[in-house]
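To start, the structure itself, in structure tokens.
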Amino acid sequence: MGKRKKSSRKPQAPKKRESLPRTFTCLFCNHENAVEVKLEKKAGFGLLNCRICGQKFQCAINYLAAPIDVYSEWVDA
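Heads up, the sequence shown is in this note's numbering, so the first residue is 422 and it goes up one at a time.
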């Protein structure tokens, strides 16, 4: 008796991860996707700016920081 033949399958590609958001809801004016975060990793700080009401925030970051880290520090401040 012989073995069953397996159909040739292509190897599955790794699943794509969704990227973390770079724009957020403003705490002061409640506009969605109004807050932009810029990371200056070489200088060691993150900048947060609302396009609608002009609210600004700046904090220190490290090389592992992501935009969500700056936003969460703003929420906690």
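The beta-carbon is built from N, C-alpha and C at its ideal position, and this holds for glycine as well.
Check whether the Cβ atoms of residue i and residue j sit closer than 8 angstroms, and answer yes or no.
i, j, result
"residue 466", "residue 456", "no"
"residue 480", "residue 496", "no"
"residue 448", "residue 486", "no"
"residue 458", "residue 488", "yes"
On a CA-only basis, which of the options is nearest residue i? Give me that one, please.
i, options, result
"residue 452", "463, 474 and 484", "474"
"residue 450", "476, 433 and 463", "476"
"residue 470", "438, 432, 443 and 430", "443"
"residue 498", "478, 483, 484 and 482", "478"
Exercise. Give, in chain order, every unbroken run of the beta strand (DSSP E) that is at least 3 residues long and sits entirely within the segment 423-488.
Key: 456-461, 466-471 and 477-481
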